[in-house]
Amino acid sequence: MSQPELTLYHSWISSASRKVRFCLAEKGLAYKPLKVSLAKFEHHSDWYKKLNPSGVVPALMVDGVPYVESNFINEFLDDAFPAPPLRPTDAAEIHDMRVWSKYIDDICLPAIQKHNWMMNYHPMARAWTDEQLEERLAAIPTENRRQVWYRMARDPYTDEELQTALNILLDMRDKIEARTKRAAWIVGDAFSLADINAAPYAKRLEELDAGAFDCANFPNAGAW
9 MSQPELTLYH
19 SWISSASRKV
29 RFCLAEKGLA
39 YKPLKVSLAK
49 FEHHSDWYKK
59 LNPSGVVPAL
69 MVDGVPYVES
79 NFINEFLDDA
89 FPAPPLRPTD
99 AAEIHDMRVW
109 SKYIDDICLP
119 AIQKHNWMMN
129 YHPMARAWTD
139 EQLEERLAAI
149 PTENRRQVWY
159 RMARDPYTDE
169 ELQTALNILL
179 DMRDKIEART
189 KRAAWIVGDA
199 FSLADINAAP
209 YAKRLEELDA
219 GAFDCANFPN
229 AGAW
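In terms of my numbering, the sequence shown opens at residue 9 and continues consecutively.
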């Protein structure tokens with residue numbers, strides 16, 4: 009049976025896109041990468057919102073059918089292409105993997121985004137006129153993202169908010185250290201989607217704080 013045609017709509021700097029690219033690489037799957045320019049707001053365009061109504065990247069097309077939400081895309085890939093397996097076989101560990109992945113998305117992603125958005129988008133958004141801002145906001149399909157873009161343009165995150173976000177990411181590092189002290193990987197002794205889903209956030213933390221995974225102080229997380 010031949011592999012279905014895979015097309016990944018993604019952004020190189022998007023942590024969620026990195027998760028899916030990581031999974032595709034581990035599976036050894038060929039796919040067509042199509043870059044969605046976040047700087048040009050292509051993810052808010054009508055054509056892209058037909059693929060992903062939330063207006064975020066990535067979206068994976070499988071024989072013309074769109075799949076969205078990076079964690080769910082990765083679980084789909086593990087179901088559709090089971091070798092090599094990227095989920096535990098133990099039911100308790102599967103639950104742990106999903107709870108961990110939800111923690112990454114619900115807690116760590118917003119923290120990463122505060123730094124990413126201030127660095128990449130605030131300098132541009134603050135220069136918009138009120139009319140330009142209104143036009144941009146009208147194209148964004150979710151209220152949460154509209155609020156973030158308004159803040160980028162008119163009410164940027166404070167130093168205190170950015171430090172709180174960094175502390176959340178450092179706590180993630182501490183959790184990785186504790187987990188990889190107990191076992192080889194984040195969930196048990198086998199590499200899994202738990203590791204894939206966390207890796208882009210760990211890499212981004214290292215970019216924000218070069219010593220975050222220093223092996224002298226965090227030997228297990230650093231080795232991970």
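Yeah, the Cβ is synthetic: ideal placement off N, Cα and C, and Gly gets one too.
From which residue to which residue does the alpha helix (DSSP H) around residue i run?
{"i": "Pro118", "result": "Leu117 to Asn128"}
{"i": "Ala173", "result": "Asp167 to Arg190"}
{"i": "Pro208", "result": "Leu201 to Leu216"}
{"i": "Arg26", "result": "Ser23 to Lys35"}
{"i": "Gln11", "result": "Element bounds for Gln11: n/a, residue is neither H nor E."}
{"i": "Glu50", "result": "It is not in any alpha helix (DSSP H) - Glu50 carries neither H nor E in the DSSP assignment."}
{"i": "Ser109", "result": "Ala99 to Tyr111"}
{"i": "Trp232", "result": "Trp232 -> no alpha helix (DSSP H), and no H or E assigned at all."}
From residue i to residue j, what does the alpha carbon distance come to, in whole angstroms?
{"i": "Glu34", "j": "Glu139", "result": "45 angstroms"}
{"i": "Asn82", "j": "Val73", "result": "15 angstroms"}
{"i": "Tyr56", "j": "Val76", "result": "12 angstroms"}
{"i": "Pro149", "j": "Trp108", "result": "27 angstroms"}
{"i": "Phe30", "j": "Tyr165", "result": "30 angstroms"}
{"i": "Arg153", "j": "Arg144", "result": "11 angstroms"}
{"i": "Phe84", "j": "Val70", "result": "11 angstroms"}
{"i": "His52", "j": "Ala224", "result": "44 angstroms"}
{"i": "Pro12", "j": "His18", "result": "19 angstroms"}
{"i": "Lys110", "j": "Ser10", "result": "33 angstroms"}
For the beta strand (DSSP E) containing residue i, list its first residue and its last residue.
{"i": "Lys40", "result": "Lys40 to Lys43"}
{"i": "His18", "result": "Leu14 to His18"}
Assign residue i to one of three DSSP states: helix, strand, or coil.
{"i": "Pro74", "result": "strand"}
{"i": "Leu141", "result": "helix"}
{"i": "Ala224", "result": "coil"}
{"i": "Ala135", "result": "coil"}
{"i": "Leu85", "result": "helix"}
{"i": "Ala67", "result": "strand"}
{"i": "Ala91", "result": "coil"}
{"i": "Ala198", "result": "coil"}
{"i": "Asn79", "result": "helix"}
{"i": "Asn152", "result": "helix"}
{"i": "Trp157", "result": "helix"}
{"i": "Asp114", "result": "helix"}
Count the other C-beta atoms from every protein chain shown that fall within 10 angstroms of the C-beta of residue i, then say buried if there are 16 or more, exposed otherwise.
{"i": "Ala38", "result": "exposed"}
{"i": "Phe226", "result": "buried"}
{"i": "Asp182", "result": "exposed"}
{"i": "Ser200", "result": "buried"}
{"i": "Asp54", "result": "exposed"}
{"i": "Pro93", "result": "exposed"}
{"i": "Arg26", "result": "buried"}
{"i": "Leu42", "result": "exposed"}
{"i": "Asp197", "result": "exposed"}
{"i": "Thr97", "result": "exposed"}
{"i": "Thr188", "result": "buried"}
{"i": "Glu80", "result": "Here residue 80 turns out to be Phe, not Glu, going by the sequence shown. Its Cβ having fewer than 16 others within 10 Å, Phe80 is exposed."}
{"i": "Pro90", "result": "exposed"}
{"i": "Pro61", "result": "exposed"}
{"i": "Trp20", "result": "exposed"}
Could you tell me whether any non-hydrogen atom of the ligand ZN is closer than 7 angstroms to the CB of residue i?
{"i": "Asn205", "result": "In the structure shown, the ligand ZN is absent, as is every other ligand, since no ligand is present at all."}
Can you find at least 3 beta carbon pairs, one from the region 128 to 138 and one from the region 153 to 164, that sit closer than 8 angstroms? yes
Should the region 173 to 182 be called in touch with the region 205 to 216, which here means at least 3 C-beta pairs below 8 angstroms? yes
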